[in-house]
Amino acid sequence: MKSPIFHLSFTCFFLITAVLSADLSKESLGIHPEELKYYKSIKIKCKDGSKSFSKERLNDEFCDCPDGTDEPGTSACPESRFYCQNAGHVPVTLFSSRVNDGICDCCDGSDEYDGKVKCPNTCWEAGKAAREKLMKKIATYQDGVVVRKKDIEQAKLMIAKEEAELLKLRDEEKLLKDLVEKLKERKEQIEKAEEQERIAKEKEEEKLREAQKKANEKASEKGADEKEANEQEKKFEETPPTDFDDFVDGSSGSSDKEKDKTDNTIDKIDHKNEENTENIEGLSREELGRRVASRWTGENVGQQDKEATDNKEEEHEDFANTQDSGDNYEDEYPSDADEDTRKYDEDEIDDRNKYEDEDEEEGPYNHDIPYNSDTEDNTDISDFPTLSSSSWLDKIKETFQSVLKAIKLSNDPVDKSEASRVRKEYDDYSKKLSKIQSRISTLSEKLKQDFGPEKEFFSFYNQCFESKQNKYVYKVCPYKQASQVEGHSTTQLGRWDKFEESYKQMHFSNGDHCWNGPDRSLKVKLRCGLKNELADVNEPSRCEYVAVLSTPSVCLEERLQDLRNKLEAMNAARAQSHDEL
Amino acid sequence: MARSLKSSQLLLFVFLLHLLSVTWSWKKEEFRNCNQTPFCKQSRSRKPGSCSFIASEPVIENGELVAKLIAKPLQNQEEEPEKLEPLILRISVYHGGILRFKIDESPDSPVTKKRFEVPDVLMKDLDEKKLWLQRISSPENGKGSVLYLSPGYEAVLQFDPFEIYIRKGNDPNAIISFNSNGLFNFEQLQNKREGDDWEERFRSHTDSRPFGPQSISFDISFHKANNVYGIPEHATSLALAPTKGPGIESEPYRLFNLDVFEYISESPFGLYGSIPVMISHNSERTTGFFWLNAAEMQIDVLGHGWNAIDGIAPQHEAIDTHWMAEAGVLDAFFFLGPTPKDVIGQYTKVTGTSAMPQYFATAYHQCRWNYRDEEDVAEVDAKFDEHDIPYDVLWLDIEHTDGKRYFTWDKLLFPNPTEMQNKLMAKGRHMVTIVDPHIKRDDGFALHKEAAKLGYYVKDYSGKDYDGWCWPGSSSYLDMLNPEIRSWWAEKFSLENYVGSTRSLYIWNDMNEPSVFNGPEVTMPRDAIHFGGAEHREVHNAYGYYFHMATAEGLLKRGGGNDRPFVLSRAFFPGSQRVGAIWTGDNSADWDHLRVTIPMVLTLGLTGISFSGADVGGFFGNPEPELLVRWYQLGAYYPFFRGHAHHDTRRREPWLFGEKNTALIREAIHIRYALLPYYYTLFREASVSGVPVMRPLWIEFPADEATFNNDEAFMVGNSLLVQGIYTEGARSTIVYLPRGQTWYDMRSGDAYSGGKNYTLEVSMESIPSFQKGGTVIPRKDRFRRSSTQTMDDPFSLVIALNSSMEAEGELYMDDGKSYDYEQGAYIHRHFVFSKGILTSSSMRSTKTSKKTLSSNSVIERVIVLGLSSSAKSALIEPAKHTTEVEPGPLTLRKGSSAVGVTIRKPNVRIDEDWAIKLV
C-alpha cells in the first residue's frame, strides 16, 4: 500500500507551503491523471482563458484563476476540484472546500495533508466492500436481464395477439353495426305497419263515437298544453337571478367569472381553515384549543370531523342517490360547517356540474372504477370466444340476408311472429354490438398506453403492487392509480400520469387534494430487481410521495455492461495497488 | 332535480360569501381592539390638560428626588371624591445622560395589593451608575425643581402643571418631556366596594379583575423630532406612522405578546414580543424613552394637529406620543443621546447589551417543521455537501418529540438521537431542538408530575393549576417568574436529564408569549396568578423572557458555565438581548413579508436586540423560486440567518429549484460565510456598546435626512450598505447612497459618490451591496462544510479607500464558544491604511489579562479599492520580505475580473503586529 506523501506533521502554515513548493508532487496534487499534460508547460492558461500563470503558482495556496485552474490541490479557489486516486477503490473528485478541512474524505487520505488530522488509508477495505456490493448488483442484473427479455417476448406476443383481436373485433363490429342498422330499419318498418293497422282499426271505432264527444276530447287536449306551459313559467320564476343561473350552468362568459370567484373563495377558506366565528362562542375550552391548533396543523378537529369523514364516505357511495334528492343535501348542508365536510361538498358541487354538463363521460369517482373494469375485462374475454368462431359469423351473415330480404318485402302485412323475432334479434345484436364495442374500447385504451421502448412494462398493466408501512398499505397500480389505505379509508395518491426520466420513474398525479397543500402525487422510482417489489414509500414534502419499485423491467443490458466495466476497472486498480505493495 | 340542485348551490354560494367575509375580519375579531379594551378606550378618549395631579414637597432621599403627586379636586364635581393617598414620584439620574422617574402608590395606601415591578430586567450594576444627587435648585419662577443631569443638561420637575423635562443649559425649550400635554392619569388601587362590577368579558372569556381598574397613561413629547422609531414588535414601517390625529383612523400600536396566526404586514397589531422603547431622531439629536412595564400597553403616535382646538393646532414642534398600560407602575427612563449610538448605548446600559453568540450561531441555520426522522436529517445533511452549500445548524421542530413532551424523542422516528447529533458534529455541525413552555398534563410524564407536585405551575384565578390547550393538548405552564423554578428548569437541560442530548445540541423556545390555543386572544387569562401573587395581566409581556432566560441558564449550567448558550425565542422583552436570539415569528412567503422583515429586524436592533432575523422563504405558503432566491440574498445579511417552513409547504431546501437557483442560493450563503469574521466583529461591538449589527442608515448618517425614512436599505456595521429587492421581476432599483463618502459596489468594485439616488440595473445574481469608502472588511474566502472548519483558514482584507486614500477597520476573534475571551483570550486587531501602508495593531485593552489567544491564521490576500498605484510589490515589516502586487478581482467566482489592487500572499499572521508597504 502506498503511504500518503503528506503525512508529515507541521504546525506552521509557512513550512507546509515551503515543503509543498519543494515537493515535485505539488505539480500533480489533486490533478486528474488525464489532465496532467495540461499542467506540464512553464506557462499555464486558466481554463476559462482569463489569464495564464507560471508553474510556481500551481497549487501555491493562492487563487489566481477565478475558475480554479491553478489550485486543483488546495482549498484556495472555491471553484476548483480535487482529484484523489484512491488506489484499491474508485477515484473521487472533491469540492475544493474539502481539502485540509480536518475531515477525511478520500479513502487514501490525500485530501488532508496539512497535518491537522491523520487520515488512515481505508481504500482496501472500502474497495473490497464496494466490489462485493457491485458484484451482488451485477448478479442481480444478470438474472434480471434474462427475466426482462422473457417478459418482453411475452409482452410482444400478447400485444400482437391483442392487436389481432382488436382488428378482428373491429371487422365484426362493422358487420354487426350494419346488421343492427338493418334490423332497426326492419323493426321500424314493422312498427310502422303495425301503427297503420292500429290507426285503421281506431278509425273504425271512431265512427261509432259521437261528434260532440270528439270535440270535447280535442278541447281537453288543448287545456293540458296550456297547463304545461304555465308550469314551465312558474319554474322559471322560481329559479334564482339570471346571473346565478348562469353560474350554475357554466354556460356564459360572466358565469365563468363567477365560478372563478367561488373557486377562489373555496381556496381561501381551504387555506385558512377558519371556523364560523359565531360557533366559537359555544365551544368547550378543549374544542376551542383543538380548533385554534388546527390552524397550524391542519389536523382534523375532534369527533365532529370524524363524523364528517364518515359522512363523506357514505355520501361517496350514495352519490347517485343524492343526485336525485338534492333537497336532502340542501337541508344537511348549513348545519355542518365543518371544514372537511365543507371541502368535500364543494368538490361535490364541482363534480355535479360536470355530471350535469355531461361533457365528461368519466364520472367524478372514476378512479375507483379501474379495479372493477379490469375484472369485467377479464370476464368479457371469456364471454366472447363464440363470437369469433365461424359458426357465429355465418349466423350473422344468414340473419343479415334474411333481414335484407324482409326489408324489400316491406309492403307485406305484419306477421306477428316475424315482428317478435325481429325485435328479439334487434335486441340481441344490439347487446352484442355494445359488448364488442366495450371490448374494443378496453383493448384500444390498453394498447395505446406507453409500455416502454421495448414494451417491457406491458405486464404492469393489470398489476397492482402493495407495500405495508406502519399503519398504511400503499397500493400502486401502474396505468391506473395509486392509493394509501388505512383500515377502511382510502386516500388517492394520484392517477397515472406517465413515465419520467427515461423510464426510470413512474408518475401519478392529481390525487386527493391536501388541506392547505397541493393535490397528492406520487413518484415511483424504478430499480433493477428480480421481483416486482414496492418499498420505501415516503412523504418528503407534504402530500408529495415517493416510493421505490424493484422490477426486472429496468434491468438493462447496457447497464449490466457498465457495471461489469466498473468492476473490471476496480479490479485492475486493486491489482495495481497490490503490485505497489 | 336540476332546479333543486341549483338552489342548493345558490345557498352554498351565499354561505361561502358569508364565510369569506368572516374570513377577512376573523383575525381582528379574535383579538381585542382598543375600543374593546376598557382601559385603552378610556385613556384614549382623554383630553389634553385633563391631568389632575400636581407635584409638591420635593426632597432628596438616597440621592434621589422624591416628591408627592396630589390630585387636585376636580372642578364641577358634585360629590366629594374619595380621599386617596398621594402618589410617590422618584427621580434619579444615572451616569451618561440617563434620567429615571418612577411613580407608584404611596406605601401608606390602604390597599394591600402591591403593584408589580418587573424584576430581572434592569442591569444589576445600574445602581453603581447612579449619580448621587446632593441638592435641588429651583427654576427661575420658583415653581419647580432643577436637577443636574449631565454636562450642560438639566432635568426639570415642574409642579403645576405637573411636567418633567430635559433641557440644555439655560435654553428653556424642552428636548424630551413627560406630561407636557397633561394626559397623565393613574388609576389608584382601591378596595372593592359593594356594587363594583370589575369583571371584563371578551368573546367567551371572562376576566375576574379582582383588583379593579389600575391603568396608567401619559404623554411623552419628543421635541423637534423628525421621526420616532422603536416599540417592537409590529409588522410595519421603520419610522412609526401616526395612529391618531386629523384624518387618521388607526388602532394604537399595541404591545401585547401574542401568537398571531398568519399576521399581516403594515399593521399596528401587537405580535410576539414587546419592547416599550421609543427613539426619536432629527438631524441634530436623538433621544429615547423606555417604560419598564410588562402589562398590556397601547401607544398612540399623535399626528400633527391631534390636539387642535377649533381646528387650530397649538404651535408645537414635537412628536407627541400617548402611552397607556393596563397595570404595573410607571418606571420610565429618558435617554439624552445626543447621537443614535449614544441613545442605544444608554438604553443598553440600563437593560444590557447583546450576549456574545457562539461563532456557529452566526452562520446559516436550516430548519423545517419538520425534519421527519433520522433518515431525513441524514439526507438533508448529505445534500448540503453534495451541493457544496455550507450550513452550521440543523433544527428539529415539535414533531421530533414523543407526543409533544419536550425533552423526549419519538422513538420510532428518532431512535438514536445521540448518534445523529454526533454524525452532524463530525462535520462541525450543530443541532437545535425545540422546547416550548406548555407542559403536557400527563401523569406518565415525569416532568409534569414533578412540576405539579412542586406547585410550579401558574395558577388560575381560583388557585388551581392553570390548564390550557396547546400542541400536546391539555397543558400547564411553568411559572418562570419565580427564580427557583427557573433554576429547576435549567437543571432539565443537563446531559443526564435531557436523555439523547449532546453538547452540540442547542435549544429553540417557541410559543412562549405564552400561546394558549383556548385562552383569551390565544394566550393566558389575565387573572391567572404568578409567583408572589402577581397577576398575569401584570407579567404577561415578560413571561416569554423569563422562559427564555431559564432555558439559557440551563445550557450555561450544562456547559459548566463556559459554553455560551444558544437559545432562539419568539417572545421577547427588554433584556432578552442578554439571553439569546429572536426571530420575527410565523411570516408568509410573499413579497410584502420579505419587505417588512427589514424594518422589523432594524427596529429590534434599535431597541437592543441585535441577534435577530426572519424566516428565510416565509413560514407559511410556498415561495416562487425568485422570491426564495431574493429572500436568501437578503436573509444572508440578517444577524440571525435561518431558513424555515411550515409543514404544509413544499420542500424548499436550496437545491430543489434547479441548478441555476441552487447556484444563486449557494452564492448568497457563501457571501454570509465570507463575511462571518466581519459579522463576528460586529457582534462583539454589539455586546460591548449595544450598537446593533444591522443598522438603519440614519444611525450611521444621522445628519443625512434622506435616510430617515429609508427602510429598504440598511447598514451592516459601519462599512456595508445593502439594498433589498422586494418586487418580482425587478430589472432595476433605486438605491440611495448616503452623502459624504465614496461607495464601492461589492461585486463589480465600481465606485459611486454619496448623497445621491442611483437607478441601478439588477439581475438575479445578487442584490445591490456597497462598501463605504474609508473602511476595511475582513473576509474568509474559503468555503467549508460549516464555519467550524474555517477557524484556521486564512483571511482576506478588503480595503475601500476614502478621498484621502485612507481606511480603517477591525477584526475580533476568539475561540467562538467559551467565555475565555472575558479573561483576555481573544484577538482584536485594528487595521489602518494610510499613505500606502497597511498596519495591524492590537486593540486589546491594556489591562493585564489572564489569558491570551494565538492563531495560525494568516492574511492571504489584501484587496485595495480606489487606489491609483503602480506598485508592483509590497514590503512586509518586520519580516522584511516582499510579495507581489497585481490587479485582482474582488471575489473568486467564475468570470470575475480584476477591479482592484491585490497584494498577493502577504501571509502575515493575524495575531501579530505588522506593516505592509506598497513599493
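In order, the protein sequence lines correspond to chains R and H.
Counting from 1, position 194 in the first sequence corresponds to residue 194 in our numbering; the numbering is continuous, with no gaps.
Add 581 to the 1-based position in the second sequence for our numbering, that's all there is to it.
No residue lacks a Cβ here, since even glycine has one placed at the ideal position from N, Cα and C.
| To the nearest whole angstrom, what separates the beta carbons of G826(H) and W713(H), a pair I think is in contact under 8 Å? | Here residue 826(H) corresponds to residue number 245 of the second sequence, with the count starting at 1. Here residue 713(H) corresponds to residue number 132 of the second sequence, with the count starting at 1. Not a contact, Cβ separation roughly 42 Å.
| task | Could you tell me if H815(H) is buried or exposed, where buried requires 16 or more neighbouring beta carbons within 10 angstroms of its beta carbon? | result | One-based indexing of the second sequence puts residue 815(H) at position 234. When all chains shown are included, H815(H) counts as buried.
| So what does R1223(H) bridge to, in DSSP terms? | Looking up residue 1223(H) in the second sequence gives position 642. The partner list for R1223(H) (beta bridge, DSSP) reads H946(H), D1196(H).
| request: Report all residues from its chain with a CB closer than 6 Å to the CB of W1069(H); omit the five preceding and five following residues, and keep chain order. | output: Here the question's residue 1069(H) lines up with position 488 in the second sequence. Beyond the five residues adjoining it in sequence on each side, W1069(H) comes within less than 6 Å, by CB distance, of no other residue in the same chain.
| task | Could you pull out every residue in the same chain whose Cβ sits closer than 7 Å to the Cβ of L1062(H), ignoring the five residues on either side in sequence? | result | If you number the second sequence from 1, residue 1062(H) lands on position 481. Result list for L1062(H): H1111, F1112, A1115, V1120, Y1127, in chain order.
| query | Can you tell me whether DSSP reads T1243(H) as helix, strand or coil? | reply | As a first step, residue 1243(H) is located in the second sequence; it is residue number 662 there, counting from the start. Helix, per DSSP.
| said: Against chain H, with Cβ distances strictly below 8 Å, would L549(R) count as a contact? | reply: As a working note, residue 549(R) is residue 549 in the first sequence. Output row for L549(R): interface = no.
| request: With DSSP as the reference, label G826(H) as helix, strand or coil. | output: The residue labelled residue 826(H) in the question sits at position 245 within the second sequence. Three-state DSSP puts G826(H) in a strand.
| said: For M1424(H), count the other beta carbons within 10 Å of its own beta carbon; 16 or more makes it buried, fewer makes it exposed. Which is it? | reply: Taking the first residue of the second sequence as 1, we reach residue 1424(H) at position 843. Around the beta carbon of M1424(H), a 10 Å sphere encloses fewer than 16 other beta carbons of the protein chains shown; the residue is thus reported as exposed.
| query | DSSP state of S521(R), grouped into three classes? | reply | For this step, residue 521(R) is matched to residue 521 along the first sequence. In the structure shown, S521(R) sits in a strand (DSSP, three-state: E or B).
| task | Specify whether the region 1246–1254 of chain H and the region 1208–1218 of chain H touch according to this definition: at least 3 beta carbon pairs, one from each stretch, less than 8 Å apart. | result | yes
| field | Length of the line joining the Cα atoms of L1076(H) and R81(R) | value | Within the second sequence, residue 1076(H) is the residue found at index 495, counting from 1. Within the first sequence, residue 81(R) is the residue found at index 81, counting from 1. In a straight line, the C-alpha of L1076(H) is about 41 Å away from that of R81(R).
| field | Opposing strand residues paired with V1274(H) [DSSP bridges] | value | Along the second sequence, read from residue 1 onward, the residue named residue 1274(H) stands at position 693. DSSP lists no partner for V1274(H).
| task | Determine, using beta carbons only, whether F53(R) comes closer than 8 Å to chain H. | result | On the first sequence, residue 53(R) is found 53 positions in, with the first residue counted as 1. Answer no: the Cβ-Cβ gap between F53(R) and chain H never drops below 8 Å.
| task | Kindly say whether W296(R), judged by its beta-carbon, lies nearer than 8 Å to any beta-carbon of chain H. | result | Locating residue 296(R) in the first sequence gives position 296, counting from the first residue. For W296(R), the answer is yes, since a Cβ of chain H falls inside 8 Å of its Cβ.
| query | Among the residues of its own chain, which have a CB less than 6 Å from the CB of T122(R), if the five just before and after it don't count? | reply | Taking the first sequence and counting its residues from 1, one reaches residue 122(R) at position 122. Excluding positions up to five away in sequence, the list reads C107.
| Between the beta-carbon of K683(H) and the beta-carbon of R671(H), is there less than 8 Å? | Indexing the second sequence from 1 puts residue 683(H) at position 102. Indexing the second sequence from 1 puts residue 671(H) at position 90. Less than 8 Å divides the Cβ of K683(H) from the Cβ of R671(H).
| request: Please confirm if G102(R) has its CB atom under 8 Å from at least one CB of chain H. | output: Translated into positions along the first sequence, residue 102(R) becomes position 102. Under the Cβ distance rule, G102(R) counts among the residues neighbouring chain H, one pair being separated by less than 8 Å.
| said: Under 7 Å: does the beta carbon of M1296(H) sit that close to some heavy atom of the ligand ATP? | reply: Annotation note on the ligand ATP: not contained in the displayed structure, which lists no ligands.
| A1032(H) to R1084(H) span [Cα, whole Å] | By 1-based counting over the second sequence, the position of residue 1032(H) is 451. By 1-based counting over the second sequence, the position of residue 1084(H) is 503. The alpha-carbon atoms of A1032(H) and R1084(H) are separated by roughly 25 Å.
| message | Using a 10 Å radius around the Cβ and a threshold of 16 neighbouring Cβ atoms, would you call D383(R) buried or exposed? | response | Numbered from 1 along the first sequence, position 383 holds the residue referred to as residue 383(R). Summary for D383(R): the model assigns pLDDT 43, below 50, so the residue's position carries little reliability, and this model does not support an answer.
| said: Is there a C-beta anywhere in chain R that falls below 8 Å from the one on V1103(H)? | reply: Within the second sequence, numbered from 1, the residue matching residue 1103(H) stands at position 522. Closer than 8 Å: yes.
| request: Just grab the DSSP bridge partners of G1054(H) for me. | output: Residue 1054(H) sits at position 473 when you count from the first residue of the second sequence. Its beta-bridge partners are C1051(H).
| Does the pairing of the region 535–551 of chain R with the region 560–567 of chain R give three or more beta-carbon distances under 8 Å? | no
| Between K523(R) and the rest of its own chain, which residues show a CB-CB distance below 6 Å, the 5 nearest in sequence each way excluded? | Stepping through the first sequence from its first residue, residue 523(R) is reached at position 523. Excluding sequence neighbours, K523(R) sits near Q505, H507, V546.
| Would a C-beta distance cut-off of 8 Å place G144(R) and C514(R) closer than the cut-off? | The residue given as residue 144(R) occupies position 144 in the first sequence. The residue given as residue 514(R) occupies position 514 in the first sequence. Between G144(R) and C514(R), the CB-CB gap reaches or exceeds 8 Å.
| Would the beta-carbon of H1225(H) fall within 8 Å of that of R1474(H)? | Counted from its first residue, the second sequence places residue 1225(H) at position 644. Counted from its first residue, the second sequence places residue 1474(H) at position 893. No; because the gap between Cβ atoms is not below 8 Å, this pair is not in contact.
| request: Count the other C-beta atoms from every protein chain shown that fall within 10 angstroms of the C-beta of P1018(H), then say buried if there are 16 or more, exposed otherwise. | output: Within the second sequence, numbered from 1, the residue matching residue 1018(H) stands at position 437. P1018(H) should be labelled buried.
| field | Delimiting residues of the alpha helix (DSSP H) encompassing E162(R) | value | The sequence position of residue 162(R) within the first sequence is 162, counting from 1. 123–207 is the extent of the alpha helix (DSSP H) around E162(R).
| field | Alpha-carbon spacing of Q795(H) relative to G1189(H), whole angstroms | value | Position 214 of the second sequence, counting from 1, holds the residue named residue 795(H). Position 608 of the second sequence, counting from 1, holds the residue named residue 1189(H). Answer to the nearest angstrom: the Cα atoms are 29 Å apart.
| message | Please classify A572(R) as buried or exposed, where buried requires at least 16 neighbouring CB atoms within 10 angstroms. | response | Along the first sequence, read from residue 1 onward, the residue named residue 572(R) stands at position 572. Its Cβ having fewer than 16 others within 10 Å, A572(R) is exposed.
| How would you write the range of the beta strand (DSSP E) that V1379(H) sits in, first residue to last? | Your numbering for residue 1379(H) matches position 798 in the second sequence. Run containing V1379(H): 1376–1381, per the beta strand (DSSP E) assignment.
| task | Quick one: list the residues of chain H neighbouring V292(R), beta-carbon separation under 7 Å, in chain order. | result | As a working mapping, residue 292(R) is identified with position 292 in the first sequence. Result: F1098, N1099, V1103.
| query | Does the beta carbon of S467(R) sit closer than 8 Å to a beta carbon anywhere in chain H? | reply | Position 467 of the first sequence, counted from the start, is the residue given in the question as residue 467(R). No, its Cβ sits nowhere closer than 8 Å to a Cβ of chain H.
| query | By the 10 Å Cβ neighbour count, where 16 or more other Cβ atoms means buried, how is S294(R) classified, buried or exposed? | reply | Position 294 of the first sequence, counting from 1, holds the residue named residue 294(R). Buried, by the Cβ-count rule.
| task | Within the same chain, show all residues whose beta-carbon is closer than 7 Å to that of E356(R), passing over the 5 residues directly before and after it, in chain order. | result | Within the first sequence, numbered from 1, the residue matching residue 356(R) stands at position 356. Below a pLDDT of 50, predicted positions are generally treated as unreliable, and E356(R), at 39, falls in that range; no measurement from the model is reported.
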